[in-house]
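Read in order, the letters of the sequence shown correspond to residues 69 to 216 in my numbering.
Think of the CB as a built atom: it goes at the ideal place given N, C-alpha and C, for glycine as much as any other residue.
To start, the structure itself, in structure tokens.
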Amino acid sequence: MRNFDLTPLYRATVGFDRMVDVMDRALSADIASYPPYNIEKTGENSYCISLAVAGFSADDLNVEVRDGAVIVSGRKAAEDENRTFLHRGIATRAFERRFTLADHVRVEGASHADGMLNIDLVREVPEALKPRRIEIAKQGTSIEKLDA
């Protein structure tokens with residue numbers, strides 16, 4: 069695997085710190101496979117992150133929004149030592165998953181059912197960033213100036 073040094077981007081750009089941090093995290097992150105997850109686009113401005121958390125109850129899970137990211141962690145309570153497994157295929161080890169959010173994306177809610185943790189996200193673009201139509205004045209009419 070190649071290692072990329074993003075230091076030149078820090079020296080040559082102003083105001084792109086978050087984007088460079090996201091790229092740096094994506095390129096240097098360990099490829100973790102537990103727990104498996106899906107990211108689904110459920111509408112024009114809505115998304116859902118689904119994590120397979122078999123063996124975890126809602127009380128064992130924590131969803132937190134911090135520093136522009138959704139952080140999902142799970143820690144199973146201590147198990148009964150008297151149980152003897154002949155095969156243990158359901159992993160219940162502690163985990164932490166981080167999903168970086170784009171600007172104007174917020175967590176709308178989370179639900180836990182049938183071994184799946186679903187986190188609903190919505191993108192709310194501010195009016196100032198939405199496209200708007202500018203009327204073109206016809207010749208011979210005055211143009212009203214916008215208040216600054």
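| Query | Result |
| --- | --- |
| 6 Å Cβ shell around glutamate 147 - same chain, five flanking residues per side excluded | none |
| When Val175, Thr152, Arg200, Val131 are compared against valine 190, the one with the closest alpha-carbon | Val175 |
| For tyrosine 102, the residue or residues it bridges with in DSSP | Beta-bridge pairing links tyrosine 102 to no other residue. |
| Exposure of leucine 185, with buried meaning 16 or more beta-carbon neighbours within 10 Å | buried |
| Segments of 3+ residues assigned as beta strand (DSSP E) that fall wholly inside the stretch 133-200 | 137-142, 163-168, 173-181, 184-191 |
| Rounded Cβ spacing between glycine 142 and alanine 162 (contact assumed at less than 8 Å) | 6 Å |
| Three-state secondary structure (DSSP) of alanine 120 | strand |
| 7 Å CB neighbourhood of alanine 137 in its chain, flanking five on each side removed | Arg166, Phe167, Thr168, Leu169 |
| Glycine 177 versus lysine 144: straight-line alpha-carbon distance, rounded | 22 Å |
| Residues near valine 133 by beta carbon distance below 6 Å, same chain, minus five either side | Val175 |
| Supposed contact pair leucine 129 and histidine 180 - C-beta distance, whole angstroms, cut 8 Å | 7 Å |
| Distance, valine 140 Cα to alanine 126 Cα | 12 Å |
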